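Participant: In full-length UniProt numbering, the protein residues as written are 1 to 243. Please find one structure pasted underneath; my questions will follow.
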């Protein structure tokens with residue numbers, strides 16, 4: 001998905017605590033300092049910067065040129081070394097051999113087809129060392145079908161306001177998010193920006209089968225930033241996949 005305006009508002013709208021939670025979730029699987037970590041769909045590099053500050057050699061890939069521009073500025077501001085590459089995660093090149101690969105923030109849900117999910121799993125597998133770990137999370141079927149059903153949210157402050165409405169998508173277990181942003185201009189007026197984001201998920205067993213088909217030999221599945229197995233009302237499903 002190409003983001004036109006969203007990267008400029010992303011950090012202001014995201015809950016920073018979520019990134020702390022993703023970092024904490026990844027911590028038990030991090031390699032020794034100096035190890036190589038690949039952050040797939042790195043966005044504005046919030047997680048990648050945290051990893052780089054902990055002395056890992058971090059590469060971030062994202063399809064969005066706009067997201068990577070914000071990420072580059074952030075890396076310079078935070079004075080951390082990051083390698084940032086524009087890549088389609090479902091067709092990633094052979095970048096390096098990494099100790100750990102992460103793909104959080106339900107990024108796999110933005111892939112429109114099953115083939116793209118399979119392609120991503122295969123691309124990650126090819127870039128992992130033997131015994132390396134791939135961590136990713138997705139929205140559960142419950143969250144997409146029930147929690148996002150007729151979902152509406154508004155957030156407002158002086159500089160940026162957002163209206164977010166969600167509707168069922170065209171595929172099973174899919175959703176479309178209509179986002180409208182209002183940003184204050186120097187003359188005190190507000191500019192409006194509109195974007196449409198689409199997400200799609202699958203049952204846990206579908207992901208398990210796809211991960212196995214990609215070649216991963218060990219899979220652990222848990223939910224909602226815990227080590228507990230998913231329940232019928234879990235909202236975010238985590239996968240720990242060992243090559």
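Where is the CB? At the ideal position from N, CA and C, for every residue including glycine. Remember, it's a predicted structure, so these values are computed and weren't measured experimentally.
1. Closest to residue 127 by C-alpha separation, out of 223, 25, 37, would be which residue?
2. If you draw a straight line from the alpha carbon of residue 244 to that of residue 69, how long is it in whole angstroms?
3. Answer with buried or exposed for residue 59, where buried requires no fewer than 16 other C-beta atoms within 10 angstroms of its C-beta.
4. Between the stretch 193 to 200 and the stretch 164 to 171, are three or more C-beta pairs nearer than 8 angstroms?
5. I think residue 238 touches residue 98, with their Cβ atoms under 8 angstroms apart; what is that distance to the nearest whole Å?
6. Can you tell which of 182, 207, 138 has its C-alpha closest to the C-alpha of residue 157?
7. In chain order, what residues of the same chain have a beta carbon less than 8 angstroms from the beta carbon of residue 142, not counting five sequence neighbours either side?
8. Mind listing, in chain order, the continuous beta strand (DSSP E) runs of no fewer than 3 residues lying wholly within the UniProt domain "Methyltransferase" (37 to 132)?
9. Helix, strand or coil for residue 157 per DSSP?
10. Helix, strand or coil for residue 30, going by three-state DSSP, please let me know.
11. Once you ignore the five residues that flank residue 180 on each side, which residues in its own chain have a CB closer than 6 angstroms to its CB?
12. By DSSP's criteria, residue 240 is part of a beta bridge. Which residues make up the other side?
13. Taking only three categories from DSSP, how would you classify residue 149?
14. Expressed to the nearest angstrom, what Euclidean distance is found between the alpha-carbon atoms of residue 46 and residue 19?
Facilitator: Considering the structure as presented:
1. Distances from the alpha-carbon of residue 127 to those of 223, 25, 37 put 37 closest.
2. Only positions 1 to 243 of the chain appear in the structure, and residue 244 is not among them; the question remains open.
3. buried
4. yes
5. Actually they are not in contact, since the Cβ atoms of residue 238 and residue 98 sit about 19 angstroms apart, beyond 8 angstroms.
6. When only C-alpha atoms are compared, the closest one is 182.
7. 232, 233, 234, 235
8. 57 to 62, 83 to 86, 98 to 103
9. coil
10. Correct three-state label for residue 30: coil.
11. 163, 194
12. 135, 220
13. coil
14. Their Cα atoms are separated by approximately 7 angstroms.
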